[in-house]
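Numbering (this note's numbering), first residue to last: 2 to 320.
Cβ atoms here follow ideal geometry from the backbone N, Cα and C, with glycine treated the same way.
Just so we're clear, the structure is a prediction, and the values are computed from it rather than from any experiment.
A short worksheet on the structure shown next.
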Amino acid sequence: MRSVILGVGAHLPERVVTNAELSQRVDTSDEWIVERTGIRQRHIAAEDELTSHLAIAASRKALEAAGREAKDIDLIIVATTTPDLTFPATAARVQAALGVHQGAAFDVQAVCSGFVFALATADNFLMRGQAKAALVIGAETFSRLLDWEDRGTCVLFGDGAGAVVLEAQPDETERGVISTFIRTDGRMHDLLYVDGGPSQTNSVGKVRMVGNAVFRQAVEHISGAMLEACARAGVTIDTVDWFVPHQANQRILDGVARKLGIPAEKVVITVGSHGNTSAASVPLALDAAVRDGRIKKGQLVLIEALGGGLTWGAALFRM
Ligand code: UT7
Numbered sequence: 002m003r004s005v006i007l008g009v010g011a012h013l014p015e016r017v018v019t020n021a022e023l024s025q026r027v028d029t030s031d032e033w034i035v036e037r038t039g040i041r042q043r044h045i046a047a048e049d050e051l052t053s054h055l056a057i058a059a060s061r062k063a064l065e066a067a068g069r070e071a072k073d074i075d076l077i078i079v080a081t082t083t084p085d086l087t088f089p090a091t092a093a094r095v096q097a098a099l100g101v102h103q104g105a106a107f108d109v110q111a112v113c114s115g116f117v118f119a120l121a122t123a124d125n126f127l128m129r130g131q132a133k134a135a136l137v138i139g140a141e142t143f144s145r146l147l148d149w150e151d152r153g154t155c156v157l158f159g160d161g162a163g164a165v166v167l168e169a170q171p172d173e174t175e176r177g178v179i180s181t182f183i184r185t186d187g188r189m190h191d192l193l194y195v196d197g198g199p200s201q202t203n204s205v206g207k208v209r210m211v212g213n214a215v216f217r218q219a220v221e222h223i224s225g226a227m228l229e230a231c232a233r234a235g236v237t238i239d240t241v242d243w244f245v246p247h248q249a250n251q252r253i254l255d256g257v258a259r260k261l262g263i264p265a266e267k268v269v270i271t272v273g274s275h276g277n278t279s280a281a282s283v284p285l286a287l288d289a290a291v292r293d294g295r296i297k298k299g300q301l302v303l304i305e306a307l308g309g310g311l312t313w314g315a316a317l318f319r320m
């Protein structure tokens, strides 16, 4: 059996905030943001627009693309750092809204690596026969965690959601997840964190990041994870058709591509149009490249991410 990606969907809030608009709020400039990150704009959720709303919209599109209905899904995993409420899981709301009345629904918290962790988790459930079809979602209203006085972080992030439908199918077509690799090193906890939480501060808190230190870790660990995912699958990196990375910073994408000798045409890049959407970033990019026809059925795709924890990982699948 293999966990086959049958459909992809995504959703972005309507409101777009450009670098020019941000530079009226904080001491920054379009030039600095574009040169250092590649980001030109980000989507920001309306006050009454919740993570679950974005997740539900993306899921509906993924189900439609997959040709599946609520009755077919028996596992929902939402990767998010910005749940609607501390509990229950945002996945429970998504499940109810979609009319899924069987199986389990829970959230996974690995910040920007969340989608890779959620995909790896779902793949294990499907491969063990403990679920038949899963919705794996990355959804964030990350703007809620931003300190709008901190120019080092507030220019980087945005809101959005992406989802895939994953179904256990007999391994006849070679489609599906081939390998996953996830890692956490809690010693680097303080490089990227939120300074609040129910247990420690009884509050939500704001994002704090030692940007340049995370940057250095990112290039090294992302490259390592990509090589490991390929090694576990017994393939070399040059046989991969498409690279769909976490969209944190154009310079990180360039650095990884240079290190591994990956041609720029094979890398899906969306960071310019929606910035870093944390767990939503990989499925948003995947959706863009599937919908515009770049990624085709049968092609080999490698996803990767790194985020707070630190966490990082990669997954290789055939569409
Ligand atoms: O998704 C989770 C993982 N996160 C990441 O992967 C993010 C990794 N880090 C990065 O992408 C980059 O480190 C940043 C984009 C956050 C920063 O770029 P950098 O080239 O590492 O800059 P820096 O932090 O070393 O700061 C350079 C200068 C500083 O000024 P001084 O001290 O040299 O005078 C900052 O104060 O840039 C200044 N700066 C800004 N200037 C204008 C920082 N933010 C801004 C800003 N506008 N928004």
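Excluding residues up to 5 positions away in sequence, ALA71, ILE74 lie with their Cβ nearer than 6 angstroms to the Cβ of VAL101 in the same chain. Here the alpha carbon of GLU173 sits roughly 47 angstroms from the alpha carbon of GLU48. Taken atom to atom, the span from the alpha-carbon of VAL165 to that of SER204 is near 32 angstroms. GLY314: member of the beta strand (DSSP E) spanning 312 to 319, first to last residue.
Remark: the C-beta of TRP313 is outside contact range of the ligand UT7, defined as less than 7 angstroms to any heavy atom. Straight through space, the alpha carbons of PRO246 and ARG295 are spaced by roughly 15 angstroms. The segment 177 to 260 is shown to contain whole beta strand (DSSP E) runs of 3 or more residues at 177 to 185, 193 to 195, 208 to 210, 243 to 246, in chain order. Distance from the CA of ALA135 to the CA of ALA232, rounded to the nearest whole angstrom, comes to 26 angstroms. By the Cβ rule, the segment 14 to 25 does not count as touching the segment 125 to 133, because fewer than three pairs are nearer than 8 angstroms. Inter-residue distance for GLY235 and GLY115 is about 25 angstroms (C-alpha atoms, whole angstroms). By the C-beta density criterion, GLU175 is exposed, having fewer than 16 other C-beta atoms within 10 angstroms. Burial is judged here by how many other beta carbons sit within 10 angstroms of a residue's own beta carbon; ARG26 has fewer than 16 and is exposed. In the displayed model, SER53 falls within a helix according to three-state DSSP. Inter-residue distance for ASN277 and VAL215 is about 14 angstroms (C-alpha atoms, whole angstroms).
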